[in-house]
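Presented below is the structure to which this report refers.
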Amino acid sequence: MQCSVEIAKRQQQRLQQRLQQRLQQRQQQRQQQRQQQRQQQRQQQRQQQRQQQRQQQRQQQRQQQRQQQRQQQRQQQRQQQRQQ
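Under my numbering, the first residue of the sequence shown carries the number 1098, and numbering increases by one thereafter.
Here's what the structure looks like:
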């Protein structure tokens, strides 16, 4: 009887160990997934910020060019008027 009881105990212990291992694996997987998601989100945010910055720079450059062109045109017009 004692032998069978010990065998049963060992079997239970093995089962519990397996269950614990599975639980730990699942938890680790979840943590890894969360970390990956966070990293991806950070990367996406950085990319978006860079894109926005580039767009803003382009817009600013265009605006500056337009302003410069307008100023040049005005100056030319003034010079022409003076010459006339």
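Virtual Cβ for every residue (Gly too), placed ideally from N, Cα, C.
Cα separation between residue i and residue j?
i     : j     : result
Q1137 : Q1129 : 12 angstroms
Q1118 : Q1157 : 58 angstroms
Q1121 : Q1154 : 49 angstroms
K1106 : Q1142 : 54 angstroms
Q1165 : R1139 : 39 angstroms
Q1124 : R1147 : 35 angstroms
Spatial neighbours of residue i within its chain, please: CB distance less than 7 angstroms, with the 5 preceding and 5 following residues excluded, ordered by chain position.
i     : result
V1102 : none
Let me know the beta strand (DSSP E) ranges lying completely inside the stretch 1111-1160, each 3 residues or longer, listed in chain order. Secondary structure within the stretch 1111-1160: not one fully enclosed beta strand (DSSP E) run of 3 or more consecutive residues is present.
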